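The block underneath contains the structure these notes are about, expressed in structure tokens.
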Amino acid sequence: MIELGKFNILTVVSQRDNQYGLDGGELGEIGLADKDAADNLKVGDTVNAFVYIDGKNQTIATLQTPLAQVDQVAWLKCVSLSHAGAFLAWGLPKDLLLPFSEQKGKVVEGHSYLVRLFLDENNRIAATMMLDDFIQDQAFYYKDGQAVQLIIADETDLGFKAVVDNQYWGVLYKSETFQPLQKGQSLTGYIKKVRPDHKLDLVLSQEKYGQKVDATSAKILAILEKRGGYVALTDKSAPEIIYDTFGVSKKVFKQAIGGLYKQRRIVIEETGIRLVDQA
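For the sequence shown, full-length UniProt numbering assigns the number 1 to the initial residue and increments by one for each residue that follows.
Here you go:
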């Protein structure tokens, strides 16, 4: 069964000059819009084609890759405004409509917005900013430590609200996130915990805490060696500077230098840490 607004594996069933027809099953033959990209095709080949209904109400296919498919969330730029709404660049020649009824606040040309793609009543692909109508608060089938795809939605008092696998809301806490994040950014994350209310707590690293402390200790020693035995950072330094230098939270850094101090590998001075000469 053909899924509109998504990629489908289809068979080439006809060829007339540079025009190809694909087997659309119950939809009949679907024309392939890409003439140049299909030069090496022949009848009987299979292709992974994106299928959608165009402005002429015809079902067509393309081998080009849009920035998002139906049911996916994406950060898309508004390229024009019209009486019908805003049009977003999404990687295909014809821009994607964001209707006025699907907008939140004023949409400005040249700005980017977090949207979800859906099929309207005419089965044409459109965008919506009403993510809460589609993204669920509760998830039931994730396990702690599981890898997921995230899109950053908003910064909150707690941290960052993120869309998980295009379907669920989750939270990255500020106290555990020390790299700069931007709205619309896509990245891999992990389920830290599925809470009793089935809401998702997220982290950006799967490394266990003890392993991270050990790895940070080794990194501190390596950087001290490289910098002549001294680094002007202590457990009182700003978290952002610690992260920029070692790529870890202030909590992990404090644990690491505390362990190195007990091992007599470093001394902690008022303005920095110094490598102990082991000779």
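Virtual Cβ for every residue (Gly too), placed ideally from N, Cα, C. Fair warning: this is a prediction, and the values are worked out from it, not measured in the lab.
Between the Cα of residue i and the Cα atoms of the options, which residue gives the shortest distance?
i      : options                           : result
Ser14  : Asp23, Val248, Asn8 and Lys6      : Asp23
Glu240 : Ile268, Leu63 and Leu181          : Leu181
Leu67  : Ala232, Gln103 and Phe7           : Phe7
Leu97  : Val47, Gly55, Val231 and Gln138   : Gly55
Tyr230 : Ile268, Gly28 and Val248          : Ile268
Lys236 : Ile257, Gly228, Lys226 and Glu225 : Ile257
Asn48  : Gly85, Gln58 and Glu3             : Glu3
Ser112 : Asn166, Val203, Gly85 and Lys183  : Lys183
Leu150 : Leu187, Ser175, Gly159 and Lys94  : Leu187
Gln72  : Gly44, Glu26, Thr128 and Tyr141   : Thr128
Gly145 : Gln167, Val12 and Val194          : Val194
Asp201 : Lys226, Ala139 and Glu225         : Ala139
Pro93  : Glu121, Gln64 and Ala86           : Gln64
Who are the Cβ neighbours of residue i in its own chain at under 7 Å, not counting the five residues just before and after it?
i      : result
Gly5   : Tyr52, Gln69, Val70, Leu117, Leu119 and Ile125
Lys250 : Pro239 and Ile242
Lys161 : Ala153, Asp154, Trp169 and Val171
Lys219 : Phe246
Who does residue i pair with in a DSSP beta bridge?
i      : result
Arg16  : Gln19
Val164 : Leu150 and Tyr168
Ser237 : For Ser237, which the question treats as bridged, DSSP gives no partner whatsoever.
Gln136 : Tyr168
Arg116 : Val73 and Thr128
Glu29  : Asp23
Ile9   : Asn48
Ser82  : Gly85
Using the C-alpha atoms, what's the distance from residue j back to residue i?
i      : j      : result
Phe253 : Asp244 : 12 Å
Gly91  : Lys77  : 11 Å
Gln179 : Ile223 : 20 Å
Gln185 : Ile9   : 29 Å
Ser205 : Lys199 : 19 Å
Val248 : Leu275 : 20 Å
Tyr173 : Lys143 : 18 Å
Ile30  : Val115 : 28 Å
Using the Cβ count rule (16 or more neighbours within 10 Å means buried), how would you classify residue i?
i      : result
Ser80  : exposed
Thr177 : buried
Thr62  : buried
Ile191 : buried
Pro102 : For the record, residue 102 in the displayed sequence is Glu; it is not Pro. That one is buried.
Ala33  : buried
Leu233 : buried
Tyr141 : exposed
I want to check one thing, is the minimum distance from the CB of residue i to the heavy atoms of the ligand COA below 7 Å?
i      : result
Ala153 : As far as ligands go, the structure on display features none, and thus does not contain the ligand COA.
Leaving out five residues before and five after residue i in sequence, what residues of the same chain have Cβ atoms less than 8 Å from its Cβ?
i      : result
Gln270 : Reading the sequence as shown, one finds Glu at residue 270 and not Gln. Correct list, in chain order: Thr234.
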